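These notes are about the structure you will find just below.
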Amino acid sequence: MNHFKPIIFSLAVGVALLTGVTSLMPESVYSSAWWSCLWIIVLGVLVYSLFRSRLVRNIPVFLLHLSFALMISGGFLTAYTSHRGTLHLTPGILTSGYVDAAGKSHDFPASVSLISFSPEYYQGMSVPKDFRSEVAVESGDTMHISMNHIGRLGNYRFYQTSFDNVGGTILTVSHDPYGIATVYSGFLLFAVAGAWMICRRFGRKGNHAAFAMAVMLTCATAEAGAVPAISASMADSLSLRQVMYNGRAVPFNTVATRLTFKLTGRGEVAGLSPEAFTASLMMYRDEWCAVPFIKIKSDALRSALGISGKYASVNSLYRDGVYLPGEIYQGGNGRLDRDIVSLDEKMALLIDLWKGELFKPLPDYSPEVRSDMAVRLEVSYNRLMPPRVLFICSIILSISAIIAAVSRRRIILWPLILTAAFAGGIFFVWHWYVAGSFPLASTGDMMEFLGLCALVIASYAGYRKYPELLIALVLLCASFLLLVAWISAKDPVMSPVMPVLASPWLSIHVSLVMVAYAILGFTLPCSILALALSKYRRQLTALSLSLLGPGTWLLGMGIITGAMWANVSWGRYWAWDPKETWALVTLMLYAIPLHRSTGLRYRPKAVCIYLILIFSSIIMTYYGVNYLPSIHAYK
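So the sequence shown is residues 782 to 1416, counted in this note's numbering.
Have a look at this one:
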């Protein structure tokens, strides 16, 4: 395998440099002959090394590298043997072919016709939840196609893509029997071989605790003045009333809490609870229009609107019937325009509330009604605000660890950290139960999950008696993540989930990637401390290297599940999108030290410097590519 290492490194660096170029000219690189030749060289060297080296004797390692060969081969089969195009169906008209991107027509085995197309809406709302097409096949069969459900006709796959304004549907057609089968075989082999390697490594003596850790990770106030408000007793009685919001039954407290935080940035307004504030807004609209309760964070926007304080009233945003922010908006992506869009979102929520479209009352006889226990659990969760509790616990533990490091006194903190992590796990399951879906859909949810992972890592580091300064750094990272989660909870996402995101693959994909980032990110403080504390350098370097295996495998599994989700939703498992490309770059870079022939693992100082430098690839993957055109930017 010695010949393969320079090629891996060169390819990773090359892909990273080309990402920015291909965001503007994708076909100029990823569809070029030289790019295909580069991957042919990689495939050839990989296959040659597999059978010429001693990897055959190490079955899981051999199978893992064989999975890469299958994935690359499947990619070539897809690129050169597959067909893809668009099919526009109108009701009652038979069609037997589709049109590709070049405008060329292709036939498939049987004629099809559209029986019906219908959008499915969130109950009580005008926001689409899914788009469904019922297609009749000439043989008498019927295909049911929706955003996350594929229709199949022989080796042809049909994906719901769009629709027209006359009852027709637009489907993506894909014919790729060989590429998908080969790539998915590689996916399966990667999953099995990687799990085999990790279990074998952490099953050895002295590594049981590390294996247990990996398992744990996987699994200014507005003044209301004399504005009328409802009584506290009436507000309390409303909190448990169930309403239909974003397609599910929730207590009124959930809508009120989110709306109050979204509009004001606070948990209460002039002493009014969220329920009292929201109900008062509904009942006394005209009076509240004169009260400054809409928080505007931007100094520039407040100055442009002529508003002195941090809060604006609805009336102050209009002049002679003209909406002032709309007059300022330039239609660009500048800071002021983004602030105006944020303000528009708040105004849209208010308008929906006053029009009665933000939520709908749920009759007691409705089949959607939830049990009293479920409702009370959700209200309790909203009032407790777990990210705040976890942040307070984490920052206290961080200070304790810093004191222990500075005073050079060993304080046994890991049981307390593990208790906080266990509580965070309970909160996570609690959130999962009340939300009715895996809670990783928003930035705040992901930050809370990463903070929980950091707490688990800190408890493991304390149990293994690693330096207190390392534990303090990890706890500070957890505190920062949980602080972001707490802040995000004060600015909740109130729009319904997009149809394409309503897939179980999303939860699996995001959770695997987030855990991988947490594990790989942990190597950063380890490496920094290893360089600063020569006494612990070998110990900390060994810890970093032991985490690279699980981290890279989980990242690979995250990329694979993301590819499978994309194949179900969009009809292609890989598109050289900046987000997925940089995830691949990160995987390659973190895989380099795992190979003994690179020599990095035998040079503690060199591997620490390397791990510090390549952490930038995680930053680029998570944040940087958001500024490039990407299908991951759901708008």
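Here a beta-carbon is modelled for each residue, glycine too, at the ideal position from N, C-alpha and C.
Being a predicted model, the structure only gives us computed values, none of them experimental.
- DSSP lists no beta-bridge partner residue for Glu1149.
- In the DSSP annotation of this structure, the continuous segment of the beta strand (DSSP E) that includes Pro900 starts and ends at 886-902.
- Per the Cβ contact rule, the stretch 1262-1277 is not in contact with the stretch 1339-1347 (fewer than 3 Cβ pairs under 8 Å).
- For Thr1333, the enclosing alpha helix (DSSP H) covers residues 1318-1350.
- Sequence-distant Cβ neighbours of Tyr1244 in its own chain, meaning closer than 6 Å and more than five residues away, are Trp1195.
- Look at Asp957 here: in three-state DSSP terms it is coil, with no helix or strand label.
- Using a 10 angstroms sphere on the CB of Phe832, the tally of other CB atoms stays under 16, which defines it as exposed.
- Put simply, the backbone Cα of Pro1106 is about 40 Å away from that of Leu1233.
- Scanning its chain for C-beta atoms nearer than 7 Å, with the 5 sequence neighbours on each side dropped, one finds around Ala1060 the residues Ile1011, Ala1016, Leu1019, in chain order.
- Assignment of Tyr1092 by DSSP, reduced to helix, strand and coil, places it in the strand class.
- One Cα belongs to Ile1395, the other to Val1031, and the distance between them is close to 44 Å.
- Assignment of Ser1260 by DSSP, reduced to helix, strand and coil, places it in the helix class.
- Under the rule that a run must span 4 or more residues, the alpha helix (DSSP H) segments found entirely inside the stretch 1015-1092 read 1033-1045, 1055-1064, 1066-1070, 1080-1086.
- Relative to the Cα of Trp1267, the nearest Cα in the group Pro1168, Ala1299, Ala1057, Ile1173 belongs to Pro1168.
- For Thr876, the enclosing beta strand (DSSP E) has its first and last residue at 876-881.
- An exposed status is given to Ser920, since fewer than 16 other beta-carbon atoms sit within 10 Å of its beta-carbon.
- If you ignore the 5 residues before and after Pro1385, its C-beta comes within less than 7 Å of the C-beta of Ala1311, Arg1318, Arg1319, Thr1322, all in its own chain and listed in chain order.
- In this structure, the straight-line span from the alpha carbon of Leu1250 to that of Ala1201 is close to 19 Å.
- Fewer than three Cβ pairs drawn from the stretch 1078-1094 and the stretch 1126-1135 lie within less than 8 Å of each other, which leaves the two stretches out of contact.
- The beta-bridge partner set that DSSP reports for Lys1141 consists of Met1025.
- Put simply, of Tyr965, Ile1399, Leu1329 the residue whose alpha carbon is nearest the alpha carbon of Pro1374 is Leu1329.
- Inclusion of Trp1334 and Gly975 in the CB contact set at 7 Å is warranted, their separation being smaller than that value.
- Scanning Leu1124, Asp1118, Ile1109, Tyr1099 for the CA closest to the CA of Lys1043 turns up Leu1124.
- The stretch 1208-1221 and the stretch 1149-1163 touch, with three or more beta-carbon pairs separated by less than 8 Å.
- Each of Ala1239, Thr871, Tyr879, Leu870 was checked against the Cα of His864, and the nearest Cα belongs to Tyr879.
- Uninterrupted beta strand (DSSP E) stretches at least 3 residues long and entirely within the stretch 1363-1408 do not occur.
- Boundaries of the alpha helix (DSSP H) around Ser1288: 1285-1313.
- Judged by DSSP in its simplified three-state form, Thr859 adopts helix.
- In summary, Glu1361 is buried, with 16 or more beta-carbon neighbours lying within 10 Å of its beta-carbon over all protein chains present.
- For the 7 Å CB-CB criterion, Leu1263 and Ser1179 do not form a contact.
- In this structure, Leu836 places its C-beta atom within 7 Å of the C-beta atom of Val842.
- The C-beta distance from Asn1034 to Cys1070 rounds to 25 Å, too long to fall under 8 Å, and the pair is not in contact.
- It is roughly 22 Å from the alpha-carbon of Leu1053 to the alpha-carbon of Ser1269.
- About 4 Å separates the beta carbon of Phe939 from that of Gly932, a gap short enough to meet the 8 Å contact definition.
- CA-CA distance, Gly825 to Ser848, rounds to 14 Å.
- Per DSSP, Ala1356 lies in no alpha helix (DSSP H) segment and is marked neither H nor E.
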